[in-house]
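Going left to right, the sequence shown walks through residues -25 to -1, 1 to 199 as mature numbering (1 follows the signal peptide of the UniProt record, and there is no 0) numbers them.
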Amino acid sequence: MRFSRNIPIASLVLSMLVLWQPTLADSRNDAPWNREETPSIWNNNKCRGGLSPTFRLGGELNNPTTYNLQKLRNLRDALKNQNPAVVTEITVSYQTGSGPRTETYLGVPLWELINNPQAAGGLKPGNSGVNSKNSFLRQYVLVDATDCYGAVVAIGEIHPNFAAKTVLVAFEKKGSDGTVVPLTDDGFARLVVPGDKAGGRYVSNVRNIFVFSAPPSPLKVRDY
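Structure representation (structure tokens):
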């Protein structure tokens, strides 16, 4: 009988603990020593969205810098004077959320932007991993927008000795009547990736173009 009377008491105690636990957890989480402060670097680099007036070009490059519309336009003109055959205009078709789209964009080839002496001046050696052969094939370009949307283009995609794809950093396009007009809703510059069937890598409102290296493989070397 004594044992059976203790069962309801034990159940009552357990019920009180279950009900009390969330309150205890909340009080612990609200304690000053458990509150995480927002890093100042994040406060200074929030993704607020909106139109981009400039973008930063940096990472594993010899001459990191910042571009605005006029500076990008001047670079395009300088590249054409240097080599009239350089491609600065491409017509592309790709799928968007609202349907197929065909546009003619004008701008600067991404390869020239990062490699030409008048621009970023070429790639710096990055993380070569265990094997340093063709280490630039481990490098990639991260392009991100003011709303933190981003996409990656591998150096091997745009290198002249490999896929040699003419990825463009566009700042103008042709209107329906054929006149050349600046980009508006896309910010002053956007990425254009010919050959992509979907427009996911057509990053608009570009704010950063950075070159990085893939880290070493986490896989352990084994004998096969």
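Beta carbons: idealized from backbone N, C-alpha and C, even for Gly.
Quick caveat: nothing in here was measured; it's all calculated off a predicted structure.
Taking C-beta separations shorter than 6 Å and ignoring five residues to either side along the sequence, the partners of residue 31 in its chain run 41, 183, following chain order. Closest by C-alpha distance to residue 174, out of 141, 186, 70, 149, is 70. Spanning the alpha carbons of residue 76 and residue 68 requires a straight line of approximately 6 Å. The beta carbon of residue 22 sits closer than 7 Å to those of 121, 122, 123, all from its chain and outside the five residues before and after it, given in chain order. A distance below 8 Å between beta-carbons, with the five flanking residues on each side excluded, links residue 39 to the following residues of its chain, in chain order: 31, 32, 33, 95.
The distance from the Cβ of residue 116 to that of residue 62 is about 17 Å, inconsistent with a contact at the 8 Å cut-off.
Minimum Cα-Cα distance from residue 129 among the listed residues 168, 79, 49 corresponds to 168. Within 10 angstroms of the beta-carbon of residue 162 lie 16 or more other beta-carbons, which makes it buried.
Shown here, residue 111 sits in a helix according to DSSP, grouped into three states. Judged by their CB atoms, residue 83 and residue 47 are nearer to each other than the 8 Å cut-off. For residue 126, the uninterrupted beta strand (DSSP E) run begins and ends at 125 to 129, by DSSP. Counting only runs that start and end inside the region 118 to 174, the alpha helix (DSSP H) elements of at least 4 residues fall at 130 to 133. A straight-line Cα-Cα distance of about 6 Å links residue 126 and residue 119. Note on geometry: alpha-carbon atoms of residue 192 and residue 102 lie some 11 Å from one another. Boundaries of the alpha helix (DSSP H) harbouring residue 45: 44 to 57, taken from the DSSP string. In chain order, 81, 147, 148, 149 place their CB closer than 8 Å to the CB of residue 155, counting only its own chain and leaving out the 5 sequence neighbours on each side. Short of 7 Å from the beta carbon of residue 141, and not among the five residues preceding or following it, lie these beta carbons of its own chain, in chain order: 62, 65, 84, 169. DSSP, reduced to helix, strand and coil, places residue 35 outside both helices and strands of the structure shown, so it counts as coil. Rounded to the nearest whole angstrom, the C-alpha separation of residue 99 and residue 134 is 15 Å.
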